[in-house]
Amino acid sequence: MSLRLYNTMSAQVEEFRTLRDKQVFMYACGPTVYDYGHIGNFRTFVAVDMLQRFLRQSGYDVHYVMNITDVDDKIIRNAARDGVSVQQYTAKYEKAFLEDSAMIGIEPPKLVRATDHINDMAEFVGKLLAKDIAYCSDDGSYYFRIAKFPAYGKLSKKDFGGMLDGARVDVDEYDKDSARDFALWKAPKPGEAFWQTSIGPGRPGWHLECSVMSMKELGESFDLHAGGEDLVFPHHENEIAQSESLTGKTFSQFWFHVRFLLVEGEKMSKSLGNFYTLRDLVLKGYKPSSIRYLLTSVPYRNQLNFTFDGLKQAAVSVDRLRNFRQRLKDKNFPSGSDPAIRTLAHETITHMREALEDDLNTAQAQAAIFEMVRLANSALDAGKVKQNDVAPLLEGLSKFDEIFAVLEDDDRPKMKAVFDWAVGEGREKEISSELREGIRSAELSDSDIEQKIAAMEGARKARNFKLSDSLRAELVAAGIMIENTKEGARWRRK
RNA sequence: GGCGCGGUACCCAAGUGGUAAGGGAGAGGUCUGCAAAACCUUUAUGCGUCGGUUCGAUUCCGACCCGCGCCUCCA
C-alpha cells in the first residue's frame, strides 16, 4: 500500500505520486511575522510537519520549503508605528517563530524570506507584464489580469462567470481594470517603506511572494503545496494563476489544506478572549508536548476542538507512553523471546503505517500504539516479555515518535525558556503558578535526587516508613515523581 | 444568498451497509507497608431529529434542527 492524500484540486483522496521517483518537493505557506504565532497557526504547521515526517519515514527524500512573509501591509504599518525598520520589526517575531516551532517539535524546513527575493519578484512581474498578463496602474502598482487565466477558480471551485465587477469591491478605490484583478506589486504611499526595483519602487503582494519563492526553490512544477484552509481562496488560487499563466505548466500536483481549529467550541478570536499563542499556553503551565499531542490527535481535515481539558488529557496520554518506554528501558528481562510479543510489535507498526497512509489518520495511529502499550504492559505484568522482545517494542514506539514526536521528555527546558523570555519581556505577571511549579523540579540536579532517593530506599529497607514517606513527600513537593518497584526506585520529573 | 464540512458515551475522538477503535474522567477490583505505575471489570441496544431505501443503517437518500468554514490578503 501507499499513501493516499486528499487533494483540494481534485476534491478527493488520491494516491500520492511524485514527479520524481522517491523525492518530494513541497512548499508550505509559512507565517507572516508581525506577532507571536497562535495555536491555530501551529495546528497547520504541525500537520505539515507530520506529513513531511511520514513521507521521510516512507522512504522519500523530502525537499520541504517554507516561506517567512516578512513584508506586508500590517508589518509596514506596525513598524512605522513603533518607529523601527521593517527588518528590525520582523526579526523579533521571526526568531520567536523559530523558537516556537522548535518548542513544539517541528523539524525545520528550508526557510526563505520574502525580503530576500524582492528582485526575483520584480522580475517575475516584468515577465507577466511582457505577456500582457500583468498591467501597471497610474500610481505604479501592478495587477494580475484575471481575464487572461480562464482556469481561475479551479482550486476553490468558484465560478467567476457571474460575479459582477464592483459587487463587493469598490472599483473606484483601486485603479484596476476588473475588480477581481489582484495586486502583484504595490506602489508605496507617502512615508511607507519600499524597495527600488526594475519595475519601480514598491513592495510585493503576498501571493506573488509564494509563487516566486516556491518555483525558485522547487522548480516550475513541484509535488505538494500546503497551508491553512483559508488560503485556498484567494491566496493559492492567485498563486496558481500567476505561476501557471507564466509557465504553462501545472504549478503544484497536490494541494494540502489543514482545517481550522476551534477553541473551547468556538472560533478562536481576540474578541472572544480565546485567542492563544503557544507561549500563552506555556505561561499557563501546559507542556509543549501536551500541546503537540493534542494538535496531532485529530486528523488534519477534521475540525479540532482545542480545550484546556483536552490539554490535560493529552498530558496524561503522553505520560502513559513515556512511562511504558521507561518500563522497557529500566528492567532486566530474562533471555529469550515471546513470538506473540514480536508479532504484536510488528502488527502495531503495520497498523500505524496503514492509518497514516489513509490520508494521515493520526487518531487511528494513536489507537494502534495504545493498543500495543496496553497489551505489552499486560505481558510485562505477567512476566512474559523477554530480552529479545524489548527491541521490537521500542521500535514500535520509535516509529510512532518519528511522526508524533512527544516521547522525548524535554518539556522542562522548553518551559524554562518561556519563563526566561517572559521575565525578559517584563511579562512576569503572566507566569502562572503552574508554570513555576512545572519547572521547579529543574532546581534539583540528578545527583541530588538520587541521593535523596537512596536515603529513602535505605529507610524503606529498614522499614522506617515514616522517614521514607517524609523523604518522598519532600521530593514530590519538588516536582519529582517516584515509583517504588521490585527493581528499585524509579523517578522522573513531573 | 452561493459553495463546502461536521453533529458518535461525562469529555476528547476514530470508524463501518451486518451490529460501535483509542485516550481521558468516574466506579469497583488486583498488586503494593503506603503511594505511584500497571493490569482487570464497568460506563452508547446507541451514533442530532424525523422519514425513506434495504433482509439489515450510525454508515446510503431526503427533509429539518444545530455548529463550523470560504466567498479578496485570517493558518
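Each residue of the first sequence is one higher than the last, beginning at 17 in the numbering used here. Glycine is no exception: its CB is placed at the ideal position from the N, C-alpha and C atoms.
task = Buried or exposed for Ser157, please, with buried defined as at least 16 other CB atoms from any protein chain shown within 10 angstroms of its CB.
result = By 1-based counting over the first sequence, the position of residue 157 is 141. Within a 10 Å sphere around the beta-carbon of Ser157 sit 16 or more other beta-carbons, which makes this residue buried.
ask   = Does the Cβ of Ala3 have 16 or more other Cβ atoms within 10 Å, making it buried, or fewer, making it exposed?
value = No statement about residue 3 is possible, as the shown extent of the chain runs from 17 to 510 and does not include it.
inquiry  = Could you compute how far the alpha carbon of Glu466 sits from the alpha carbon of Gly504?
reply    = Position 450 of the first sequence, counting from 1, holds the residue named residue 466. Position 488 of the first sequence, counting from 1, holds the residue named residue 504. The alpha-carbon separation between Glu466 and Gly504 amounts to approximately 12 angstroms.
task = List the DSSP bridge partners of Asp427.
result = Stepping through the first sequence from its first residue, residue 427 is reached at position 411. In the DSSP output, where bridge partners are listed per residue, Asp427 has none listed.
query = Going straight from the alpha carbon of Tyr316 to that of Ala381, what length do you get?
reply = Along the first sequence, one-based indexing puts residue 316 at 300. Along the first sequence, one-based indexing puts residue 381 at 365. Cα to Cα, the separation comes out at about 13 angstroms.
query = Quick one, which of Ser448, Arg428, Thr60, Leu360 has its alpha-carbon nearest Glu459's?
reply = Here the question's residue 459 lines up with position 443 in the first sequence. Selected option, being the one with the closest Cα: Arg428.
request  = Can you tell me the Cβ-Cβ gap for Val87 and Arg219, rounded? I've got them flagged as a contact below 8 angstroms.
outcome  = If you number the first sequence from 1, residue 87 lands on position 71. If you number the first sequence from 1, residue 219 lands on position 203. About 6 angstroms; that satisfies the 8 angstroms criterion.
inquiry  = Output needed for Arg358: all residues of its chain with C-beta closer than 7 angstroms, excluding positions within five of it in sequence on either side, in chain order.
reply    = Translated into the one-based positions of the first sequence, residue 358 becomes position 342. If we look at Arg358 and ignore the five residues flanking it on each side, its Cβ neighbours are Asp405, Pro408.
task = Determine the DSSP secondary structure at Glu30, reduced to helix, strand or coil.
result = Against the first sequence, residue 30 aligns to sequence position 14. It is a strand residue.
message = Within a Cβ cutoff of 7 angstroms, which residues of the same chain sit near Pro350, ignoring the five residues on either side of it in sequence?
response = What you label residue 350 is simply residue 334 of the first sequence in a count that begins at 1. Same-chain partners within the cutoff: Lys402, Gln403.
request  = Spatial neighbours of Gly53 within its chain, please: CB distance less than 7 angstroms, with the 5 preceding and 5 following residues excluded, ordered by chain position.
outcome  = Here residue 53 refers to the residue found at position 37 when the first sequence is read from its first residue. Here the set comprises Pro47, Phe113, Asp116, Thr293, Leu294.
ask   = Between which two residues does the beta strand (DSSP E) containing Asp239 stretch?
value = For the purposes of this step, residue 239 is taken as the residue at position 223 of the first sequence. Counting along the chain, the unbroken beta strand (DSSP E) around Asp239 starts and ends at 238-244.
task = Could you have a look at Val527 and say whether DSSP puts it in helix, strand or coil?
result = The chain is shown from 17 up to 510; residue 527 falls before or after that span and cannot be answered.
message = Going by the DSSP bridge assignment, what does Ser268 pair with across the sheet?
response = Counting from 1 along the first sequence, the entry for residue 268 is found at position 252. Checking the DSSP bridge columns, you'll see Ser268 partnered with Phe238.
key: Boundaries of the beta strand (DSSP E) in which Asp127 is found, first to last residue   = Looking up residue 127 in the first sequence gives position 111. In the sequence on display, residue 127 carries Leu and not Asp. According to the DSSP assignment, Leu127 belongs to the beta strand (DSSP E) that extends over 126-129.
inquiry  = With a threshold of 8 angstroms, are at least 3 pairs of Cβ atoms found where one atom belongs to the region 71-88 and the other to the region 259-279?
reply    = With the cut-off at 8 angstroms, the region 71-88 and the region 259-279 do not touch.
request  = Hey, could you find the ends of the beta strand (DSSP E) Asn500 is sitting in?
outcome  = Reading the first sequence from its first residue, position 484 is the one you call residue 500. Asn500 -> beta strand (DSSP E) spans 496-501.
query = Is it true that the region 333-341 meets the region 410-427, where meeting means three or more beta-carbon pairs spaced less than 8 angstroms apart?
reply = Segments in contact, yes.
Simplified DSSP state of Asn321, which is helix, strand or coil = Taking the first sequence and counting its residues from 1, one reaches residue 321 at position 305. Reduced to three states, the DSSP call for Asn321 is strand.
key: Neighbourhood of Arg184 by C-beta, 6 angstroms cutoff - its chain only, sequence neighbours within 5 removed   = The residue labelled residue 184 in the question sits at position 168 within the first sequence. Low confidence applies to Arg184: its pLDDT is 38, below 50, so where it sits in the model is not reliable enough to give any reading.
ask   = Do Leu299 and Leu491 come within 7 angstroms of each other at the CB atom, strictly closer than that value?
value = Here residue 491 refers to the residue found at position 475 of the first sequence. Here residue 299 refers to the residue found at position 283 of the first sequence. Between Leu491 and Leu299, the gap from beta carbon to beta carbon reaches 7 angstroms or more.
ask   = Do the region 145-154 and the region 84-104 make contact, defined as three or more Cβ pairs closer than 8 angstroms?
value = These segments do not touch.
task = Return the first residue and the last residue of the alpha helix (DSSP H) that Lys143 is part of.
result = Residue 143 sits at position 127 when you count from the first residue of the first sequence. Per DSSP, Lys143 belongs to the alpha helix (DSSP H) from 134-146.
query = Nearest CA to the CA of Leu67: which residue from Ser484, Pro125, Ala118?
reply = Your numbering for residue 67 matches position 51 in the first sequence. Answer by Cα proximity: Pro125.
inquiry  = Taking the beta carbon of Gln258 as the centre, do at least 16 other beta carbons fall within 10 Å, making it buried, or is it exposed?
reply    = To locate residue 258, count along the first sequence from 1; it is residue 242. Under this definition Gln258 is a buried residue.
inquiry  = Going by DSSP, what residue range makes up the alpha helix (DSSP H) through Gly289?
reply    = Stepping through the first sequence from its first residue, residue 289 is reached at position 273. Careful: Gly289 lies outside any alpha helix (DSSP H) and carries neither H nor E.
key: Extent of the continuous alpha helix (DSSP H) to which Gly412 belongs   = Against the first sequence, residue 412 aligns to sequence position 396. 403-420 is the extent of the alpha helix (DSSP H) around Gly412.
key: Neighbour-count burial assignment, Asp188, 16 or more Cβ in a 10 Å radius   = Position 172 of the first sequence holds residue 188. Because Asp188 carries a pLDDT of 45, less than 50, the predicted location of this residue cannot be relied on, and no value is offered for it.
query = In whole angstroms, what is the alpha-carbon distance linking Asp346 and Met497?
reply = Here residue 346 refers to the residue found at position 330 of the first sequence. Here residue 497 refers to the residue found at position 481 of the first sequence. The alpha-carbon atoms of Asp346 and Met497 are separated by roughly 16 angstroms.
ask   = Near Val279, what residues of its chain come up, given a Cβ to Cβ distance below 6 angstroms and the 5 sequence neighbours on each side ignored?
value = Residue numbering aside, residue 279 sits at position 263 when the first sequence is read from its first letter. Taking Val279 as the centre and dropping the five residues before and after it, the same chain places the C-beta of Asn290, Phe322 closer than 6 angstroms to its C-beta, in chain order.
task = Might you give, ordered along the chain, the residues of its own chain that have their beta carbon closer than 8 angstroms to the beta carbon of Phe70, omitting 5 neighbours on each side?
result = Reading the first sequence from its first residue, position 54 is the one you call residue 70. Around Phe70: Leu19, Leu372, Leu376, Ile419.
key: beta strand (DSSP E) runs contained entirely in the region 23-81, provided each spans 3 or more residues   = Segments of the beta strand (DSSP E) lying fully in the region 23-81: 28-31, 39-44.
ask   = Using DSSP with H/G/I as helix, E/B as strand and the rest coil, what is Leu482?
value = In the first sequence, the residue the question calls residue 482 occupies position 466. Sequence check: residue 482 is Lys here, not Leu. Of the three classes helix, strand and coil, the one that applies to Lys482 here is helix, per DSSP.
query = Taking the C-alpha atoms as reference points, what is the distance between Phe267 and Phe340?
reply = The residue given as residue 267 occupies position 251 in the first sequence. The residue given as residue 340 occupies position 324 in the first sequence. Pairing Phe267 with Phe340, the inter-Cα distance amounts to about 46 angstroms.
inquiry  = For a test of the three-state rule: what should DSSP assign to Arg161, helix, strand or coil?
reply    = Sequence index remark: in the first sequence, residue 161 carries index 145 (1-based). Coil, per DSSP.
message = Less than 7 angstroms between the C-beta atoms of Asp197 and Tyr168, yes or no?
response = In the first sequence, the residue the question calls residue 197 occupies position 181. In the first sequence, the residue the question calls residue 168 occupies position 152. No, Cβ-Cβ distance for Asp197 and Tyr168 is not below 7 angstroms.
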